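If you want this note's numbering, it's the position in the sequence shown, counting the first as 1, plus 600. Heads up, the beta-carbon is just placed ideally off N, CA and C, and yes, glycines get one too. Predicted model only: the values in this text are computed from it and were never measured. Heads up: the structure comes next, in structure tokens.
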Amino acid sequence: MIVPARFWRVTVGILLAAVVWIQVRHWPELASAQQRNNTSERRPLVLDRAPARMIADPNPVFRADVLDAEHGEVFMANDKESAGTSVLVYPTQFPPTNRIMEPKRRIAGPKTDLGMVCGLALSIEHGELYSVSGETGTLNVYPVDSTGNVGPARRLRGVMPRASAGVFLDVKNDELFITTEHVNRISVYPRTFQEDQEPLRFIQGPATGLGDPHGIYVDSTTNEIFVGNHGNWRETQPGEGEVRGPDSLTRTSLGYNVPGRVVPLNPSTGKFLGPSITVHSRSASGNTPPLRIIHGPHTQLSLPDGIYRDPVSGEIIVANTGDDSVLFFAKDAAGDAAPVRVLKGPATKMKGPVGVSIDAKRNELWVASWDSHVAAVFPRMANGNIAPLRVIRTASENAPLASMGRIGAVAYDPKRKEILAPN
């Protein structure tokens, strides 16, 4: 018997209508069940137990240094979270030793509000120590003789962008200069700042030549600012990076629960400019071009960080992190200028140098190395592959290099059985 096509069409239509009716009738129950499932999926997983094992460096590192030559002390920033972030204070004069050296005092503990300490500055006249913590966007001030778990005497927060790195006190003009990496900026504050005080002025914008700025030095005699740039660049506008509440144009604060106007993502402007030293007028403001730039293959620059100017010769001294060296440039160097001398080699014990300072009173050069847990002291005119006069160690000579810091993610390669951790 052949069933007419019309019969099949009617039958299928009735079945489809029945399915739709059942779905509509039970939609509230289905939606409720789906919502419960979504809620359960969003429930956080809490691991309230100790890890099976850890990869961590228990030894402090030296991220930045500042000298008090008058009182014979050197202040070292330790940004290693696994060793407890801190400021370590050592004497500048001590017998040469290759053993681990304990600081004479340290600022450390939960009350200190120390994050990953990236930069230090010092006012001997006012007895103040200034500490910049990059990931929290704060500038803390401590009495210079502080020790232990003590809170800051005052702090600047809420207006300073995160990822700030270097800080320098211009003693003559009573101003603090702070670099910020991600928004290519130099901010200037009065030394006597109060919490939430906005900067007096800032240098920022496409014309400034700033690209991922780190170390900073201000010469109040020549009215020049020297900045070490890693070279990572994206277009920024003057004022970008400030946290000013609901109308803020801040992009760096998004995701940190800081009020800010969400702006749509624009086409990428990012590029790599290459490492450089930019020299700016001390009074420059806004999108102002630099006075000159040291940049090019002959400079040997690679991740330039800490920067200092020799008060006697005027040479520009650069901690060249990426090349394990210290570079010395002529005081008026510009363009693709080669350094006048280079401190580099295994005898120097430098690995990942990040801070440089001159002790003019003792005619000595201090170099803080992050990777090797070493602060080394050299003659002021050191050159080549020479051994330091003496060193401060926070780990034994055969300890593994620090290497690991600010890990932003982690992945596992099952084929090679390797853990991948970008720094």
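- Shortest Cα-Cα distance from residue 946 to any of 969, 987 and 926 involves 987.
- Nearest to residue 715 by C-alpha distance, out of 700, 703, 762 and 692, is 762.
- When the alpha-carbon of residue 671 is set against those of 982, 901, 727 and 683, the nearest one is in 727.
- For secondary structure counted as the beta strand (DSSP E) over 3 or more consecutive residues, the region 781-813 holds these complete runs in sequence order: 785-790 and 801-804.
- Per DSSP, reduced to three states, the secondary structure at residue 889 is coil, with no helix or strand assignment.
- Taking 8 angstroms as the cut-off, the beta carbon of residue 1010 is found no closer than this to the beta carbon of residue 949.
- Here residue 676 is buried: its Cβ has 16 or more other Cβ atoms, across all protein chains shown, within 10 Å.
- Annotation: residue 821 to residue 767 spans about 18 angstroms, alpha carbon to alpha carbon.
- Here the C-alpha atom of residue 717 lies approximately 31 angstroms from the C-alpha atom of residue 932.
- With the rule of 3 Cβ pairs closer than 8 angstroms, the region 740-751 does not count as touching the region 813-830.
- The region 764-779 makes no contact with the region 681-699; the number of CB pairs closer than 8 angstroms stays below 3.
- For the pair residue 739 and residue 778, the CB atoms are nearer than the 8 angstroms cut-off.
- Collapsing the DSSP output to three states places residue 745 in coil.
- According to the DSSP secondary-structure assignment, residue 969 is paired through a beta bridge with 953 and 974.
- Residue 898 counts as exposed, since fewer than 16 other beta carbons sit within 10 angstroms of its beta carbon.
- Beta-bridge partners assigned by DSSP to residue 777: 768 and 788.
- Under the three-pair Cβ rule at 8 angstroms, the region 875-883 counts as touching the region 821-836.
- Residue 946 carries a helical assignment under DSSP once its states are collapsed to helix, strand and coil.
- Inter-residue distance for residue 690 and residue 780 is about 28 angstroms (C-alpha atoms, whole angstroms).
- The alpha-carbon separation between residue 686 and residue 741 amounts to approximately 14 angstroms.
- Rounded to the nearest whole angstrom, the CA to CA distance from residue 1000 to residue 662 is 15 angstroms.
- With a beta-carbon spacing of about 6 angstroms, residue 894 and residue 934 fall inside the 8 angstroms limit used to define contacts.
- Counting C-beta atoms within 10 angstroms of its own C-beta, residue 1016 has fewer than 16 neighbours from the protein chains shown and is therefore classed as exposed.
- Our two residues, residue 699 and residue 792, have alpha carbons roughly 40 angstroms apart in a direct line.
- Taking 8 angstroms as the cut-off, the Cβ atoms of residue 797 and residue 784 do not count as close.
- Where residue 676 is concerned, the enclosing beta strand (DSSP E) starts and stops at 673-678.
- Within the same chain, and ignoring the five residues on either side of residue 900 in sequence, the residues whose Cβ sits closer than 8 angstroms to its Cβ are 920, 923, 925, 927, 938, 939 and 942.
- Residue nearest to residue 952 within the set 976, 936 and 732 is 976 (criterion: CA-CA distance).
- Following the DSSP letters along the chain, one finds residue 902 in no beta strand (DSSP E), marked with neither H nor E.
- Beta-bridge pairing by DSSP links residue 683 to no other residue.
- Bounds of the beta strand (DSSP E) holding residue 880 are 876-881.
- Contact annotation, residue 980 with residue 997: C-beta distance approximately 25 angstroms; criterion of less than 8 angstroms not satisfied.
- Of the candidates 972, 732, 782 and 673, 782 places its Cα closest to the Cα of residue 870.
- Secondary structure at residue 924: coil, using DSSP grouped into helix, strand and coil.
- Between the alpha carbons of residue 1020 and residue 725 lies a distance of about 47 angstroms.
- Distance from the CA atom of residue 889 to the CA atom of residue 800, rounded to whole angstroms, is 19 angstroms.
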